[in-house]
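Down below is the structure, laid out as structure tokens.
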Amino acid sequence: QQQVKQSPQSLIVQKGGIPIINCAYENTAFDYFPWYQQFPGKGPALLIAIRPDVSEKKEGRFTISFNKSAKQFSLHIMDSQPGDSATYFCAASFGINNNDMRFGAGTRLTVKP
Amino acid sequence: DVKVTQSSRYLVKRTGEKVFLECVQDMDHENMFWYRQDPGLGLRLIYFSYDVKMKEKGDIPEGYSVSREKKERFSLILESASTNQTSMYLCASSATNYGYTFGSGTRLTVV
């Protein structure tokens, strides 16, 4: 059962563009929504995360927008660079131990020079 | 720099072999996880552990078992490897209420 649906599967943008990756979840008990970035040959690395008490969080060029009523959240990358080319995963979990984190299927982002 | 270390980057095993994948973390995290990553399917949870000698099944535990004898080490065991277990295996750890730290993965090929 895929509790977190991620789109698009792949995305190509020009340098300086603003790629947007979207995720939707089903379980209203989720209370922690991280994004992970994975480069080839590496494990995913935590990029940015949000909790449902806020609608937006920014860290550098990365922004999460969160819509609790629609059960959707998205990642925006401002002024994208070729070095941002990677696979991005959204995820959702609940509970103090985050033991049941559900991941989206991933988006392969390519930023062209 | 905190780390999750997976003992092998690449493994090739034969069908029917018993396979051990090892994972060690140096962050004193309570929670450890094993995922497999397949194209188009994202990360799927195999097993997790929230304490020494404790284990819980994830979404796809069939054909796998785990062992956690020490806090820092979490092993994934393929009892009798099959070709459909060819995949990238990712170990992760986390402290309570924080995101996961992943290892670099083990790409297992079963022939």
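Top to bottom, those sequences are chains S and L.
According to our numbering, the first sequence is numbered sequentially starting from 149.
According to our numbering, the second sequence is numbered sequentially starting from 97.
The beta-carbon is built from N, C-alpha and C at its ideal position, and this holds for glycine as well.
Would residue 102 (chain L) and residue 190 (chain L) be called neighbours here (beta carbons separated by less than 9 Å)?
no
Taking only three categories from DSSP, how would you classify residue 138 (chain L)?
strand
Chain L partners of residue 226 (chain S), CB-CB under 9 Å?
By Cβ distance, chain L contributes nothing, its closest Cβ being about 22 Å from residue 226 (chain S), past 9 Å.
Please specify which runs of the beta strand (DSSP E), each continuous and at least 3 residues long, are wholly inside the stretch 165-228 of chain S, giving them in chain order.
168-173, 181-186, 193-198, 204-207, 210-215, 220-225
Should residue 252 (chain S) be flagged as near chain L, meaning a C-beta pair shorter than 9 Å?
Judged by the 9 Å Cβ criterion, residue 252 (chain S) is in contact with chain L.
Residues of chain S with CB closer than 9 Å to the CB of residue 200 (chain L), please, in chain order.
189, 190, 191
Leaving out five residues on either side along the sequence, give the residues of the same chain with a beta carbon under 6 Å from the beta carbon of residue 167 (chain S).
So the qualifying residues of the chain are 159, 161, 225, 228, 257.
When burial is assigned at 16 or more other CB atoms within 10 Å of the CB, is residue 150 (chain L) buried or exposed?
exposed
State the Cα-Cα distance for the pair residue 180 (chain L) and residue 206 (chain L), rounded to the nearest angstrom.
8 Å
Which of helix, strand or coil does DSSP assign to residue 202 (chain L)?
Correct three-state label for residue 202 (chain L): strand.
Please work out which residues of its chain come closer than 6 Å, Cβ to Cβ, to residue 262 (chain S), disregarding the five sequence neighbours upstream and downstream, and give them in chain order.
Outside the displayed range of chain S (149 to 261) lies residue 262 (chain S), so it cannot be described from this structure.
Using a Cβ cut-off of 7 Å, pull out every chain L residue sitting near residue 182 (chain S), in sequence order please.
195
Which chain S residues are close to residue 186 (chain L), counting only those with a beta carbon under 8 Å from its beta carbon?
191, 192
Just mark residue 199 (chain S) as buried or exposed, buried being the case when its beta carbon has 16 or more other beta carbons within 10 Å.
exposed
With a threshold of 6 Å on Cβ separation, who are the neighbours of residue 178 (chain S) within its own chain once the five nearest residues in sequence on each side are excluded?
240, 242
Give me the residue from L:133, L:131, L:142 with the minimum Cα distance to residue 157 (chain L).
L:142
Where do the N-terminal and C-terminal ends of the beta strand (DSSP E) with residue 188 (chain L) fall, by residue?
183-190
Compare the C-alpha of residue 253 (chain S) against each of S:235, S:261, S:260 and name the closest.
S:235
Once DSSP output is grouped into helix, strand and coil, what is the label at residue 179 (chain L)?
helix
Measuring only between beta-carbons, confirm whether residue 141 (chain L) sits less than 9 Å from chain S.
yes
At a Cβ cut of 7 Å, what residues of the stretch 98-112 of chain L count as close to chain S, listed as they run along the chain?
Using a CB distance below 7 Å, no part of the stretch 98-112 of chain L faces chain S.
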